[in-house]
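Residue numbers (the numbering used here): 415 to 814. Glycine included, every Cβ here is placed at the ideal spot set by N, Cα and C. Just so it is clear, the structure is predicted and the values come from calculations on it, not from any experiment.
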């Protein structure tokens with residue numbers, strides 16, 4: 415690398431923005447899905463939107479956590495584990511607490527309005543339900559579950575890295591590095607298979623816990639998916655940053671990877687559409703394969719075609735965290751409105767996606783004007799400033 419040249423990997427920006435912003439069409443599609451559950455449903459359903467939601471759910475969050483793990487390892491390498499971990503608690507914990515307290519009751523209120531709009535709840539019960547909406551509960555978390563999951567994954571990653579640096583484990587670390595280098599192909603195959611096996615294990619253990627009747631096991635069954643489900647992707651992302659040879663092997667795909675990804679996604683979508691609101695070992699298997707192969711494909715596409723500064727991508731990446739925080743209640747609100755207005759589902763979906771994106775982006779711009787609001791909702795103390803080349807200055811990315 416030439417002196418003075420930035421080592422920032424620009425291709426991550428559009429990918430990070432895409433994965434965060436895909437939450438908007440995903441959740442909007444669930445309004446009209448007959449295959450996937452959601453809290454609000456329109457009177458009409460759409461096979462196309464049902465398929466869209468079933469496709470997005472296979473790879474969106476796995477790829478997101480993989481990218482988050484990659485950036486976690488990147489910042490640890492620059493600033494150290496403890497500094498990074500303290501920042502994790504600040505940048506994820508503060509927005510989580512604020513958003514839960516603000517959005518939790520608000521979203522439950524919007525659900526009541528949606529029930530009234532559909533005729534499922536008498537209008538007179540709205541005022542009676544208000545005290546219950548203000549009572550703290552796990553329902554307040556909703557789409558914000560990924561924040562405590564990221565915090566837990568971060569603590570585990572810091573612990574594993576500290577353990578790996580322990581002098582007493584030097585022989586094990588040397589053996590592991592030697593194995594990784596001497597049997598690179600086998601190690602790569604195991605790496606790709608690990609998330610698939612993990613998801614099957616989560617599914618099987620969840621079934622066992624649900625049938626046991628034990629209160630602790632039932633709690634595990636409710637928490638394992640999603641909180642534990644994406645851990646392998648996060649750890650793989652961290653490992654990819656620490657091993658550049660492994661990263662290049664992971665991200666270099668071809669036609670075969672594309673075929674596997676498309677085939678697995680189609681299989682997962684077909685199973686979901688044929689068996690609505692249900693799960694199976696086969697669905698878990700093909701969904702996990704789709705998650706791994708699609709993640710590889712997305713990273714490769716980003717590396718090939720977006721490895722240059724892009725002002726729009728950086729601005730959307732900067733806004734994506736705020737957009738994700740607010741998109742969920744906005745879709746609740748717009749979805750409730752369109753329960754009262756009969757338009758074709760595809761048209762309603764397009765309007766909701768556009769209106770949600772625009773409104774959430776404007777909210778982010780308003781939040782940036784206040785250092786306090788920026789800290790409360792993004793966990794950072796000052797807005798980032800982009801220079802003329804799109805190079806980041808100021809506060810680092812929230813996702814990190």
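Query	Result
Residue from 555, 559, 525 and 556 with nearest C-alpha to residue 544	525
Best match in 717, 631 and 464 for proximity to residue 763 [C-alpha to C-alpha]	464
Residue from 559, 605, 653 and 534 with nearest C-alpha to residue 454	534
Residue from 613, 456, 433 and 482 with nearest C-alpha to residue 654	482
Buried versus exposed call for residue 778 [16 or more other C-beta atoms within 10 Å across all chains shown]	buried
Buried/exposed call for residue 585, threshold 16 Cβ in 10 Å	exposed
Buried or exposed (CB count within 10 angstroms, at least 16 for buried), residue 429	buried
Alpha carbon of residue 647 to alpha carbon of residue 609, nearest angstrom	7 Å
Terminal residues of the alpha helix (DSSP H) in which residue 585 lies	584-596
Cβ pair residue 504, residue 522 closer than 8 Å	no
Distance between residue 785 and residue 679 (C-alpha atoms, nearest Å)	42 Å
Collapsed DSSP secondary structure at residue 668 in the structure displayed	coil
Residue closest to residue 452, alpha-carbon to alpha-carbon, out of 721, 570, 673 and 441	441
Cutoff 7 Å; reference residue 568; Cβ partners in own chain excluding five residues on either side	486, 499 and 502
Pair within 8 Å by beta-carbon distance, residue 614 and residue 623	no
Through-space distance from residue 790 to residue 748, alpha-carbon basis	25 Å
Runs of alpha helix (DSSP H) wholly within the segment 475-556 (minimum 4 residues, chain order)	495-502, 508-532 and 539-547
Coarse secondary structure for residue 562, derived from DSSP in three states	helix
Three-way DSSP call (helix, strand, coil) for residue 451 in this model	coil
Sequence-distant residues of the same chain with beta carbon closer than 6 Å to residue 729, five excluded per side	none
Integer Cβ distance of residue 823 from residue 571, believed to fall under 8 Å	It is not possible to answer for residue 823, since the shown part of the chain is limited to 415 through 814.
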